[in-house]
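Residue numbers (this note's numbering), protein chains in the order written: chain A, 449 to 924; chain H, 752 to 1109. Think of the CB as a built atom: it goes at the ideal place given N, C-alpha and C, for glycine as much as any other residue. In what follows, a single structure is set out as structure tokens and then discussed.
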Ligand SMILES: Cc1cc2nc3c(=O)[nH]c(=O)nc-3n(C[C@H](O)[C@H](O)[C@H](O)COP(=O)(O)OP(=O)(O)OC[C@H]3O[C@@H](n4cnc5c(N)ncnc54)[C@H](O)[C@@H]3O)c2cc1C
């Protein structure tokens, strides 16, 4: 993976750029000492690192606008940053870029339970949005596994999902409005505490635009009343294929669980060691959660059980207490961390049609044998969003490259069976060069036109999402 | 007027490329008065491309009549959960609504309050832009963040960014049972407050409307579940009683207002502001109904009334669905936002072929 060469004209003016930022903003808002900058050299795609030219951590929308105006006037690239947990290199800086982070914008501005909305500054973490409303019986639905750390700004940037999105949708389905600063410093309000867009539904393209259209400083989100109760059930199968077939059957039968999560043996063992959730030691595990009153839960689980029994499960076990349910989810949500304690891995994020699960799992197994690299599978099976973790040894020369090749093959497979390169983590730098597998030149050109409108100078996060060859001539 | 009915995407692209004056894009023509421009019809781009009930996905050509889509889904006990409205009662038009037309106006019925709008169920789109270029975006899977979401941007764009040719949707199972509960109530503020109570409960209300005489709630799901929830809601809101009729299609279509000779407006605003505006308008003699818990207000007002003047302090926006005059049908966006929208139209349709009629 290649980053564009930093613009020497920007690097040369580094001192002047920093001086102008410091002049316009409170002193503690601008970081330019090398030690301070190292903290921003990467996101959660840690294989790639590059300290930025400077970092700005504004305390208001106005300060964001002031910083952007300066960068715009001086033609300085900008990388927006939330909490830096992107797995795709979305907030990876370039050496000539100013990182503008929203970490200090964490206020809740308004909650309204009658209208079921919350308005907040986007540096607030995902989990603390629910935290702000849960005592009153509400929650914010999208729940990425990284929810303790990741910020709403990054969720909007990536259109993030989570385990419970099968029922509640992803970020774009729960986002009602934003305050966003354009690259030239213009502040726009788009959407609000109501449902329809007036004219064009600009939120659609803003959500998931990976920091390339503007810096989002405030958001209005839909909050929902908490369900009466929820209960997960664990089902163990002796093959991934059978577990996959069971998932398709459940969906076709018209039962709609809130979550259907899948793990294979390597992942089950790692998570069990980490969270002691009582996962059975089987080839493939499904965690299926349903919601409602106790009677409703019993009824849905009965239907799900009936379907599962046809696939001869090795184990079916319902959670019997709130603690047990919490442990089951802790295990699942710690999957990446737990695997990381055992092995270096690369996490993929393709989506496939649910009906192709058995085939794709088999083909991944074949690729694993072919490349000689292990794979652990953990993913949102209900919506076909796969997270194969390819295991490799970072200290072994050539292993990372081999792993990347195998990852690319798996993502090509996802596209080939009718799916896509990324279901929730975003393209970033990681999948940038695979975009041509999924899109024609014309398809990509249409997307670039959107950026032309929002950011005519192509200064915002411009080295991401699209292959560099495709954006050549647009980027400064 | 000339009507061009391309038989394929390629023919459509040719027609756009060789055009030198604006078109009137037509699906079923149910939303539009007689065209004053050459018509570009999607009628021949029709049919189901792929339907996988087990993956809850449907891929369909844009000119397919909605009725046909619904029939295909019904065979497998599935449906379009966003309940697209039928514009014919209000507009007095004929023709068959198409799936492309529904998406182009983001037509979303009462279930929007719980399940979402047309845009929320859209998985992907193919369209031909103003230069005759075919663009594919999104796909047919449930989760997809690969590149910008240009497919969803088409929802509500009214064809101004391109002619839709193919769409994919997430579909949902038809519930085992549906129940409607009603509370006699002619006060919109009380209705909105009660709807907020219901929508803030865990009982998954999939419709919350006020028809000027009653507050109406809908619950859907497994039979046992529906009876349980109906009971709980009645406990929460004393006076709530089950009704046998199905009021939702009429509420969805604004049918109660259709009979009048007045202008018809559809206003999207904050639910609690729906109550405020309803009070104002009812006080001034308008006929009003509410949907989406108050967040959608339908109003029939004297011809030529500028409703926007009466909601300036409330936010949200008003679309005039029926009526004529100098007042723009769509709510003007603030200047910097309007500039972005205009910029996008300039990029996707530089020759203004798809510019709104009238
Ligand atoms: C252990 C782990 C588990 C994860 N699990 C999930 C999961 O279950 N589901 C999921 O979807 N993701 C998951 N992720 C990925 C990641 O957490 C999400 O992409 C998250 O939304 C990123 O948020 P962030 O605040 O860290 O954003 P960052 O990494 O800082 O930025 C993400 C993108 O958003 C842009 N951006 C940030 N702030 C702004 C802003 N204010 N305005 C405009 N653009 C902005 C950035 O430029 C970048 O392109 C996981 C990551 C880890 C490390």
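{"query": "Within the chosen definition, does the stretch 811-822 of chain H reach the stretch 841-852 of chain H through at least 3 CB pairs nearer than 8 Å?", "result": "yes"}
{"query": "Quick one: is the Cβ of residue 873 (chain A) within less than 7 Å of any heavy atom of ligand 1?", "result": "yes"}
{"query": "Report the three-state DSSP secondary structure of residue 728 (chain H) (helix, strand or coil).", "result": "Because chain H spans 752 through 1109 in this model, residue 728 (chain H) falls outside it and cannot be assessed."}
{"query": "For residue 558 (chain A), does the count of other Cβ atoms within 10 angstroms reach 16, so buried, or fall short, so exposed?", "result": "exposed"}
{"query": "Could you tell me if the beta carbon of residue 531 (chain A) falls within a distance shorter than 7 Å of some heavy atom in ligand 1?", "result": "yes"}
{"query": "Checking contacts by CB at 8 Å: is residue 902 (chain A) closer than that to chain H?", "result": "yes"}
{"query": "Tell me whether residue 784 (chain A), by its Cβ, gets closer than 7 Å to a heavy atom of ligand 1.", "result": "yes"}
{"query": "Measuring only the C-alpha atoms, how far is residue 1058 (chain H) from residue 1080 (chain H)?", "result": "11 Å"}
{"query": "Taking residue 494 (chain A) as the reference, give the member of A:805, A:899, A:803, A:792 with the closest Cα.", "result": "A:792"}
{"query": "Given a threshold of 16 other Cβ atoms within 10 Å of its Cβ, counted over all protein chains shown, does residue 836 (chain H) qualify as buried or as exposed?", "result": "buried"}
{"query": "Inspect the beta-carbon positions of residue 832 (chain H) and residue 862 (chain H) and report whether they are closer than 8 Å.", "result": "yes"}
{"query": "Can you give me the C-alpha to C-alpha distance between residue 1025 (chain H) and residue 1052 (chain H), rounded to a whole angstrom?", "result": "16 Å"}
{"query": "Using beta carbons (cut-off 8 Å, strictly below), is residue 839 (chain H) in contact with chain A?", "result": "no"}
{"query": "Work out the CA separation of residue 651 (chain A) and residue 731 (chain A) for me, nearest whole Å.", "result": "42 Å"}
{"query": "Cβ of residue 630 (chain A) within 8 Å of Cβ of residue 662 (chain A)?", "result": "yes"}
{"query": "Taking 8 Å as the threshold (C-beta atoms), are residue 517 (chain A) and residue 552 (chain A) in contact?", "result": "no"}
{"query": "Using 7 Å as the cut-off, classify the Cβ of residue 541 (chain A) as near or not near the heavy atoms of ligand 1, replying yes or no.", "result": "no"}
{"query": "In the DSSP output, what is residue 903 (chain A) paired with across the bridge?", "result": "Paired residues: none, contrary to the question."}
{"query": "Quickly, what does DSSP pair residue 1038 (chain H) with across the bridge? List them, please.", "result": "H:1051"}
{"query": "Looking at the strands, I want to know which residues DSSP matches up with residue 921 (chain H).", "result": "H:808"}
{"query": "At the level of alpha carbons, what is the spacing between residue 988 (chain H) and residue 949 (chain H)?", "result": "8 Å"}
{"query": "So does residue 491 (chain A) have its beta carbon nearer than 7 Å to some heavy atom of ligand 1?", "result": "yes"}
{"query": "List the endpoints of the continuous beta strand (DSSP E) containing residue 498 (chain A).", "result": "Careful: residue 498 (chain A) lies outside any beta strand (DSSP E) and carries neither H nor E."}
{"query": "Residues of chain A with CB under 8 Å from residue 1113 (chain H), in chain order?", "result": "Only positions 752 to 1109 of chain H appear in the structure, and residue 1113 (chain H) is not among them; the question remains open."}
{"query": "Keeping to the same chain, check which residues put their C-beta closer than 6 Å to that of residue 974 (chain H); ignore five residues upstream and five downstream.", "result": "927, 928"}
{"query": "Is the distance from the Cβ of residue 878 (chain H) to the Cβ of residue 842 (chain H) below 8 Å?", "result": "no"}
{"query": "Of all the CB atoms in chain A, is at least one closer than 8 Å to the CB of residue 1019 (chain H)?", "result": "yes"}
{"query": "Which residue from H:933, H:913, H:889, H:944 puts its Cα closest to that of residue 1029 (chain H)?", "result": "H:944"}
{"query": "Give the interface partners of residue 653 (chain A) over in chain H, defined as CB-CB distance under 8 Å, in chain order.", "result": "899, 900, 901, 903, 904"}
{"query": "Between residue 1016 (chain H) and the rest of its own chain, which residues show a CB-CB distance below 6 Å, the 5 nearest in sequence each way excluded?", "result": "1050, 1058, 1069, 1071"}
{"query": "So the candidates are H:1038, H:1027, H:781, H:985; which of them puts its Cα closest to the Cα of residue 1011 (chain H)?", "result": "H:1038"}
{"query": "May I ask you to list, following chain order, the residues of the stretch 939-969 of chain H that have a beta carbon less than 9 Å from some beta carbon of chain A?", "result": "943, 944, 947, 948, 950, 951, 952, 953, 954, 955"}
{"query": "Quick check on this structure: which residue in A:510, A:571, A:500 has the alpha carbon closest to the alpha carbon of residue 543 (chain A)?", "result": "A:500"}
{"query": "Which residues in chain A sit within 9 Å of residue 999 (chain H), going by Cβ to Cβ distance?", "result": "By Cβ distance, chain A contributes nothing, its closest Cβ being about 17 Å from residue 999 (chain H), past 9 Å."}
{"query": "For residue 759 (chain A), go through chain H and note every residue whose CB falls closer than 9 Å to its CB, in chain order.", "result": "Per Cβ cutoff of 9 Å: no residues; residue 759 (chain A) is ~14 Å from chain H at best."}
{"query": "For residue 888 (chain H), name the three-state secondary structure that DSSP assigns.", "result": "strand"}
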